[in-house]
Structure formats: structure tokens, C-alpha cells
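First comes the structure, then the notes that go with it.
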Amino acid sequence: MIYEELKKEAGRFAPVISVERVLPHRRRKKIADGVGFTAAFLALPAALHFLWSGAASYPALSVLTGLFFLVLACWLVLFMAEALFYSYYFRALDVISSGAAPAALTFEAAYALSRLDEDDITQSFFGTDIGLMVLLRLGISADSFREFLKERKSRLAANVFAVESRDGEGGVGIADIALSVFAADGEFAAFLRRFGVQGKTLRGVGLWVERSGRERRLFERWWSRESLGRVEGIGKDWAYGGAYILDRYSKGVFAKGSAVALSSKFLSEEVEELETILARRREANALLVAQTLDEAFDLILGLASLISRGRVLPALEHKRVVVLDQNKLVAITAGKARFEGELIKIFEESIAAGNIILVFDDLPAFLGSAAAFGSDVVSIMDPYLSSPALQVVALSDTERFHRFIEPNAALMSRFEKVTRRSGGEEAVLKILENEADRLEAVEKVFFTYPALETIARTADQYFPSGVMPDKAVDLLNEIVPKARQAGQVIIDRSEVLALVEQKTGIPAGEVKAAEAEKLINLEAILHKRIVGQEEAIKAISNALRRARSGLVNPGRPLGSFLFLGPTGVGKTETTKALAEAFFGSEGKIVRLDMSEYKAADAMDKLIGSFSSGRSGVLSSALRDHPYGVLLLDEFEKASREVLDLFLQVLDEGFFSDAGGKRVSARNLIIIATSNAGADLIWEFLKEGGDLLSRKDEIVDALVKSGIFKPELLNRFDGVILFHPIAGEHLRDVAKLMLERLVKRLQEKGIELVINDALVDYLMKFGSDPKFGARPMNRAIQDKVEQVIADKMIKGEIKAGMKVELSAADLSG
Amino acid sequence: MGFATLLPVYFLWHYTTALRDLIGLWGNFLWFVLNFFSVGLLARTLFSPWRRLKEYKRSRGLDLGEALGNAAVNLIMRLVGVFVRAATIIAGLVVGVFVLASGVVAFFVWLAMPAVLLALIGGGFAFLFQ
Chain A
2 MIYEELKKEA GRFAPVISVE RVLPHRRRKK IADGVGFTAA FLALPAALHF LWSGAASYPA
62 LSVLTGLFFL VLACWLVLFM AEALFYSYYF RALDVISSGA APAALTFEAA YALSRLDEDD
122 ITQSFFGTDI GLMVLLRLGI SADSFREFLK ERKSRLAANV FAVESRDGEG GVGIADIALS
182 VFAADGEFAA FLRRFGVQGK TLRGVGLWVE RSGRERRLFE RWWSRESLGR VEGIGKDWAY
242 GGAYILDRYS KGVFAKGSAV ALSSKFLSEE VEELETILAR RREANALLVA QTLDEAFDLI
302 LGLASLISRG RVLPALEHKR VVVLDQNKLV AITAGKARFE GELIKIFEES IAAGNIILVF
362 DDLPAFLGSA AAFGSDVVSI MDPYLSSPAL QVVALSDTER FHRFIEPNAA LMSRFEKVTR
422 RSGGEEAVLK ILENEADRLE AVEKVFFTYP ALETIARTAD QYFPSGVMPD KAVDLLNEIV
482 PKARQAGQVI IDRSEVLALV EQKTGIPAGE VKAAEAEKLI NLEAILHKRI VGQEEAIKAI
542 SNALRRARSG LVNPGRPLGS FLFLGPTGVG KTETTKALAE AFFGSEGKIV RLDMSEYKAA
602 DAMDKLIGSF SSGRSGVLSS ALRDHPYGVL LLDEFEKASR EVLDLFLQVL DEGFFSDAGG
662 KRVSARNLII IATSNAGADL IWEFLKEGGD LLSRKDEIVD ALVKSGIFKP ELLNRFDGVI
722 LFHPIAGEHL RDVAKLMLER LVKRLQEKGI ELVINDALVD YLMKFGSDPK FGARPMNRAI
782 QDKVEQVIAD KMIKGEIKAG MKVELSAADL SG
Chain B
4 MGFATLLPVY FLWHYTTALR DLIGLWGNFL WFVLNFFSVG LLARTLFSPW RRLKEYKRSR
64 GLDLGEALGN AAVNLIMRLV GVFVRAATII AGLVVGVFVL ASGVVAFFVW LAMPAVLLAL
124 IGGGFAFLFQ
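Shown next as C-alpha cells:
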């Protein structure tokens, strides 16, 4: 649609826009309040003037009456203007909600268009309140925009400006105008890109700003049927029976539950599924399964909200959703006979009442408690569950569903299962926008759209437990007090990343100068601990830089490497150095000795056992420490099944434990170490030449001998060859190890001098090419430490002394 | 749009769209009253027992005393239902009539509003300079 056509369409809103320009709505309302108050005040003398017979002798009363009339006239004018305004202001709303003939453009768009300067569309559009709001939501300040206006070289004129409606719902909207400016004004587009804004973000912001306006209007219009219909009427349940015993054991349904439940659009599919099941004639029972009970309960809230708004299928109209307080029932009855008696009464009463939807908010726990009483509760419930007169909804989390409910065929046959799904990114963003609007009103903070985008992305990427969008909403709520503590009003991407970093320990925020320096010099930093092993250091440093820059695939682990090489060459040490460099601590390593997982029960030990109910070592470890380094020692010794499990972990970044619950490995750097192929490495070394050039031969040999499948090796980001340590490198290792001892002795006030004699001695007695640096460690312990310890006990070495060991000391 | 062009547009709106809006608003309030007092639902269930309270046959075979007693209790429950529901329906209808009447008044006040405005201005100046 070209500019002229748009302008013509906007003409439909011309009267209200004219009124708005003379006296904007908000100011008009304030003035009307003041004028109304004055009129009420003047009503008294006016009344006296007309009603009191002696009024004629007081001319002032006549003047006040005249003023009253004039003030009342002013108020009436304002009232009529307000009525005109509302008529247009809300009409746009009806067009959208009723699905009537689609409007060519929205009210907000028409209003913004009326303010456009035809010689400079960009400035005049983004200079309006709504345009400025779009910029602020993008995280761009008005000052930055003014700077841009000063520096730009060209202007966007109306004759080359055209707008298309992209979502087609309410016609041309703010998002469409903003996107058209973005497309037509190259300089402005470049300005936005400087802030990392792309067309998709701009569109999201435009839609958000417009939707907020629309929702505000819906809220303002208290006289609409939608608003009036929310007032609960009287006598709705008089045709139904009371449920007095049930009421004693019931919990209320809090219709104002979570933000997720309230934005019913998000869960609409699942709630609709639930609604359809409950509206059936027979066996209208649903089993809601989600990762947690709270998430399953959101569907109950969604249903209760639909019923209270009268937007439900006719079969469910006027129904009461009653949540059974299972703990109370179990605690009060405290015995099989009474428990069963009360339960039967509750069911009978619910059927007699005729309007009860009975909710068991933790079915597995209920079955467990009943079993503890020795009650066969499933058989007691069965006739009621098959009754057409009662609807039952039971909730369970995924894990206990698989363990306790799914195997019970009799129970399963009575329920229809509804699984709560996670939302797509756009749905999550919509919920975050609504929640942000609510928080902004209460907490006086301001969210930028990139902040919400970051929340939506990081919540899924970094917080493996829970489902979306709940965890994103939680993160959004969590950030507010943090920002307020720091005295921040505007919450942008960096605040979100800082919180994520604080919560997970994974560096996620902006790379600051000091960290950038560290990342650039990562090789040198790692070399302070690792001698030689250039290939390994290079590969790991590159992987860390990729992970830190956020370029890694979020659907896979942060990085994964297979370290191949003989023992004692620094594989584990490299892993430790990596954990310290990236996560700031060696404590971030979860270490599993894979030689323990070669027997038939290896999988049960790792991911848990369904039959015994035991949780697995790997699943528990990753749940407790979802962020860090997973070190899999002696990887080749694990059973075939275990290796296949890691095929999935490396590829998709998660696995399912025995209970069917997902365990994420996406925030881990996975390092598998293996001695396999060490013999071959030695052989190649004996033959001489560059070991690295023969890496493919070594890897091929591993595949041929059936140690690793080629697809498993391909899943690793890198297969790194560690060459044996010898000669000068071994000498450096000796020095490094001695330095550690020096540090330990320093704590006791003793200064050990590292001299050639000491290093030579270690090279002589601590050097075994087959075992790399390992014998060196033992030599330091057995010889150097022992000699110093003996001397300390004899009193020859005391705190404050400088110690230098000679060859004689060591051999003696 | 200047004042001179706005004025005819306003008048057109005042006597067409605004009247339609006003009638819509009036309809909303009426709907609300009927919905709030559940008039339709209560009328449909006017003769149902109050809160489904009912006596059931307990003895085996024919027990005339019990049957009569039950019939009496059930009749009373239905009568209680009829009484409470009828009272609510009447209350709803009374409020409804009031809303209906207010709507009629509002309708005519709206029709006369421009004239009232002129009268207020004229009267105001008249009193001021009396």
C-alpha cells in the first residue's frame, strides 16, 4: 500500500485524531475530572438559587449559578469529546476481536501516520510517542536516535514510501510501518544493526507495542461483555447438590495462578484437549502428565479460568473444579477402613452434586499413601471412574507416571492422557511480553525486547530442568529484584546474561576487556600447566573461544573431545586446566571412571534402573552439576551399550534416564580419555617422524579393532592425540611439579630452591617413557618430599629457612 | 481536520454511530444483569429440588409412611427451590427493568445533548449578567 492510500485509510480515524491533537486523551481526562469537581462544588449555590425563596436578595448566588451552568457546559463538551474518542478508539478493537471485515490499518498506525512529516518519515515516525517506545523497547535511547538524526545524510520521503501488512490480522500496524522504514531507509537500518537489531526483532517489538496498547484498551473498557462476564453471578450452583464432605477435604483452585496459566492462548491446545475429554459422556477422566506437578496444574488453572469466564463447552458449564487435599484425607482418616469410607463418600457426593470435576493433584502419591494403608484404592475408584456422572482429573509428573501409573493397565484404561508440551519461541516471547508488562506496572522497571529474547533463549539453553515457558517466566521474575538492588531501571540483554552467568557459572555475559585478553592468550595460560601437547591446547582453546562467543550449536554440548594417548601424558591435567580456565575452578569437573561401566548392569548404574527405582550415577551427577566439565576416564573400557548412550549425548546433548526424564548435557564440555592405541603410538614413535601426520592411521586402527565405532568418533568435536612426554618436555614437567611442592612448602614458611641437581635426579629416577609424567610424581613424593619431611622432623629444616637439596641429600 | 469540518462530522456521529454504540452498551448492561442473576438458568431449573436435596426410599417393599414422608420432604425441597429461585429471578427482572428504563432515559438525554449544551451556555451567560 503506497503512502497516499494509507493516508486515505487513516482518514477513517480523522475525527478522533483531530480531537486527540487538540487535547490528548490523558490530559482531557484530567481536565474533565477537575471541571466535574468544580461543577459539583458549584451545584450547591445553584441549588440554593432555585430552591431558596430568599435567594433573590443575594446577587452572588445568581453569578455562581451562571458559572455552574457554564462549567457544566464545559464538562459536557469534554464528555462528548471523550465519547467520540472512545467510539473510535474501541471500534478498532472490535474489528480485531470480532473477526469482522479486516481493517486496513490499526488505530495506533493511523495515529502515527497522522503525525508523519512527508519529507522525513523516519524522524517523524520514530519521533512520535509510539515510535519512541519502539526504539526504547529495542534498547536504543532517544539520545542515540537524536545523534543518528544529526549524522545522517539522506531522508526518507513519503513519495518513495510504501507499507505492507505482514501479519494480515488487524491490517497495517506499527510493526509494518517500522519494518517498512527499516527496509526503505538504508541509513536507519544500518543504525539499528549497530545495536544488533534485525528485521525480526523490529517486527517483534512493533507487535508487542501494539498488543500492549490493545490490551490496555481491553482493560479500560470495563463495560464490554468480556469484562462484565467475569463478574461471578449468583445462583449458578443452586441446581446442583452440595458436596459437604468433599468441601472438608478440598483445596481451592486459585484462578490467578501463574502467568502461564493466565495467558491461556499458550496452553490453549492442551486445555482444549482436557476440555474435550471432560465433556465426553462416559469415562470423562483425564490424566495430566508434565515434567513437574506445578506445570500439570497450569492446565487445571487454564480450565478453571475458562469455566469462570463461561467460555467452555456446554457440558462443562457451571462446573466446580475441586482439588482434593490428599494429605488431609490421609492424615485425618489414618486407617484403611476410614480412608476407604471417606473416599467412597466423596465420590458418591460428587456424583450426587452433579457439577464436580474432582482433581487428584498428585495421583502417584495418593496411590502410595493408599498402598501404605493396605488399600486397593484402584478397585475402589474404578466404578466411579467409569461413571458418566463424574469427571476426574489426575496429575502426575513424567517420572512417577512411568513408574507407578503406566504399568497399571486397569487404571490407565480409565484415563485419557494429556501431556503438556513445551512452547515454541514465539509463544514463549508472547508470554514474556505479557509478564513484562505486568512487572513493569508493579515494579517500575523497563524491559527491552532483546532482554526478553535473551531470556527465552537462555532459559531453554542453560536451565535443563523444567519446561518452557515456565522457566523463562521464572528467570524474568528473578531478574527484577536483582536489577532493583543494583539500582537499574532498564533491563537489557546484558543484565539477563549477567544473571545467567551468576546462576550457572557459565560465562555468558558480554566479554569484557580482561576476559578477552584471557581468551586471546588461552594457549599461553593453558601452557602454564601443560607441557607440550600443542594440538590439544590449540583445539581446546579454539573450542572455548567458540563456546564463549555463543557460536556453538545450542542443541549439543559446549564442546566434546576424545583425548588419546598413553598414560601420564597430561590428559587429565589438560582437563583440569580447561575447567579452571573456562569455569574458574577445577571443582567443576564431574569425573567418571568408565572402567566401572563394562558389566551387564552398566546402563542401570549410569542412568538408573526402572525396576529397582535407583537413580543413575550419570543422571544424578548431571542433575546436580549441569554446568562444567564431564570427564570420562578410560572411555574405551565402557560397555557397547554405554558407548551408544554417549553417541546420543554427544549428538543431541541430552539423554533420557530410566524414568523417561530428560537429562541435559548441553552445558557441559565433555572430555573422554583413552589409552587405546597407546601401543601403536609407541610403535610409530620408534619408527620416528611426526606422530600427528599418522593420526588417521591410529584412528583407523581403533575403528578396525572394534574399540570405537566410526560414528562415535565422528560425534566428537575433536579427537586429540597426546604424544608421550620425553626429553626436554619431561624436564619441564619435573620443574612444574617441583613448583607445586615449592608452593606447598611456602605455606609452612620454607623456601625450596629448584636447582639442576634436583631436576637431574628426578629425570634419572622419575622418568619412564611408558608411564609419562606419572613416575615423576611418585619420585617427588618418595624422594624429595620424604627427604624434606625427615629433615623437618629431625629439626634440620625449620620455618623461615631456605632449603637446597644436593644429589647427596637425595641419594642418602 | 479543523473545527468547521469536525462539527458536521461530529453531528453525524452523534446521531448515527453513537446511538448504535449507546444501544450496544445498554444491551451489555442488560445482558450483565440477566447473567448476574442467572435468570435463564434459574428459570430452566425453577422446579428442581433445592441443591438436589432429596429423600430416597430405604425400606424394602411398600412402606406407605416412608413414601409419604419422602414425598413431603421432596415437595418441600422443590418448594424451597421455587421460592429462592423465583425471588432471585424477580430481583433480576426488577434490576433489569431499571436498567432498561435508565437506557431509555439515557437515549433521550443523548438525543437532546447538543440542545442541552446550548441551553446551558445561554442560561449560564443569562445568569451571569442578570
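Chain order of the listed sequences is A and B.
My numbering numbers the first residue of the first sequence as 2 and each following residue consecutively.
My numbering numbers the first residue of the second sequence as 4 and each following residue consecutively.
The beta carbon of each residue, even a glycine, is placed where N, CA and C say it ideally should be.
May I ask you to list the residues that DSSP assigns as paired with residue i?
i        : result
A/Leu477 : DSSP, once it has assigned bridges, lists no residue as partnering A/Leu477.
A/Glu752 : A/Lys803
A/Ile590 : A/Val630
A/Ala673 : A/Leu563 and A/Leu633
A/Gly719 : A/Phe562
A/Thr576 : None, per the DSSP bridge assignment.
A/Ala163 : A/Ile3
A/Ser397 : A/Val290
A/Leu106 : A/Val173
For residue i, which residues in chain B fall below 8 Å Cβ to Cβ?
i        : result
A/Tyr241 : Arg54 and Arg55
A/Arg226 : Asn31, Trp34 and Phe35
A/Val323 : Chain B residues near A/Val323: none, gap ~16 Å exceeds 8 Å.
A/Val78  : Leu120
A/Ser88  : Trp16, Thr20, Ala21 and Asp24
Against chain B, does residue i count as a neighbour if the rule is that its beta carbon must be under 8 Å from one of theirs?
i        : result
A/Val64  : yes
A/Ala262 : For A/Ala262, the pLDDT reaches just 47, beneath the cut-off of 50, and the residue's location in the model is therefore unreliable, although a value from the coordinates is still provided. Not closer than 8 Å to any Cβ of chain B, the Cβ of A/Ala262 fails to qualify, so no.
A/Ser355 : The sequence shown places Gly at residue 355 of chain A, rather than the Ser named in the question. At least one chain B Cβ lies under 8 Å of A/Gly355.
A/Ala84  : yes
A/Leu229 : yes
A/Lys8   : no
A/Ala101 : Confidence is the limiting factor: at A/Ala101 the pLDDT is only 46, short of 50, which leaves the residue's position unreliable, though a coordinate-based value still follows. With 8 Å as the cut-off, A/Ala101 does not count as an interface residue toward chain B.
A/Ile97  : For A/Ile97, the predicted model reports a pLDDT of 41, less than 50, meaning its position is unreliable and no value from the coordinates is stated.
A/Ala256 : Reliability fails at A/Ala256, whose pLDDT of 44 lies under 50, so the model's placement of it is uncertain and the value that follows must be treated cautiously. It does not; no Cβ of chain B falls within 8 Å.
A/Gly469 : The sequence given here places Met at residue 469 of chain A; Gly does not occur at that position. No, no contact with chain B.
A/Met81  : yes
Contact criterion: CB-CB distance below 8 Å. Does residue i meet it with respect to chain A?
i        : result
B/Trp29  : no
B/Phe110 : no
B/Gly21  : Looking at the sequence provided, one finds Ala at residue 21 of chain B rather than Gly. Closer than 8 Å to some Cβ of chain A, the Cβ of B/Ala21 qualifies, so yes.
B/Ser41  : yes
B/Asp24  : yes
B/Asn77  : no
B/Ser51  : yes
B/Asn73  : no
B/Leu44  : yes
B/Asp66  : no
Can you list the residues of chain A that residue i reaches, using a CB-CB cut of under 9 Å?
i        : result
B/Tyr136 : There is simply no residue 136 of chain B to check, as chain B begins at 4 and stops at 133 in what is shown.
B/Val87  : Gly236 and Trp239
B/Gly127 : Thr66, Gly67, Leu68, Phe69, Phe70, Leu71, Val72, Leu73 and Ala74
B/Ile124 : Phe70, Leu71 and Ala74
B/Leu131 : Ser63, Val64, Thr66, Gly67, Leu68, Phe70 and Leu71
Name the chain A residues whose beta carbon is nearer than 8 Å to that of residue i?
i       : result
B/Val12 : Ala15 and Pro16
Measure the beta-carbon distance from residue i to residue j and round it to whole angstroms, keeping in mind my assumption that it falls under 8 Å.
i        : j        : result
A/Leu247 : A/Ile358 : Incorrect: roughly 11 Å between the Cβ atoms, too far for contact.
A/Gly236 : B/Arg54  : About 11 Å separates the two Cβ atoms, so there is no contact after all.
A/Trp224 : B/Asn31  : 6 Å
A/Leu722 : A/Ile699 : 7 Å
Which chain B residues are close to residue i, counting only those with a beta carbon under 7 Å from its beta carbon?
i        : result
A/Gly132 : Per Cβ cutoff of 7 Å: no residues; A/Gly132 is ~22 Å from chain B at best.
What residues from chain A crowd round residue i, counting only those whose CB sits closer than 7 Å?
i       : result
B/Met80 : What B/Met80 touches in chain A: nothing, since even the nearest Cβ is about 11 Å away.
Can you name the residues of chain B whose CB is closer than 9 Å to the CB of residue i?
i        : result
A/Ala232 : Looking at the sequence shown, residue 232 of chain A is not Ala but Val. Within chain B, the residues near A/Val232 are Phe35, Asn38 and Phe39.
Exercise. Does the segment 563-577 of chain A come within contact of the segment 599-617 of chain A, defined as at least 3 CB pairs closer than 8 Å?
Worked result: Taking 8 Å as the limit for Cβ pairs, the verdict is that the segment 599-617 of chain A does not touch the segment 563-577 of chain A.
For the 8 Å Cβ check, are there 3 or more pairs between the segment 586-596 of chain A and the segment 606-626 of chain A?
-> Verdict: yes, contact present.
| query | Given 8 Å as the limit, is there contact between the segment 438-455 of chain A and the segment 128-141 of chain A, that is, 3 or more CB pairs closer than that? | reply | Taking a cut-off of 8 Å on C-beta distances, the segment 438-455 of chain A touches the segment 128-141 of chain A, as three or more cross pairs fall below it.
message: Would you call the segment 521-533 of chain A in contact with the segment 649-661 of chain A, where contact means no fewer than 3 C-beta pairs closer than 8 Å?
response: Taking 8 Å as the limit for Cβ pairs, the verdict is that the segment 649-661 of chain A does not touch the segment 521-533 of chain A.
Meets three-Cβ-pair contact criterion under 8 Å: the segment 63-71 of chain A and the segment 88-99 of chain B: No, the segment 63-71 of chain A is not in contact with the segment 88-99 of chain B.
Okay, do the segment 285-297 of chain A and the segment 385-395 of chain A touch, 3+ Cβ pairs below 8 Å being the bar? Taking a cut-off of 8 Å on C-beta distances, the segment 285-297 of chain A touches the segment 385-395 of chain A, as three or more cross pairs fall below it.
| query | Per the contact definition of three or more C-beta pairs closer than 8 Å, is the segment 421-437 of chain A in contact with the segment 374-393 of chain A? | reply | As far as the Cβ criterion goes, the segment 374-393 of chain A does not touch the segment 421-437 of chain A, which means the pair count is below three.
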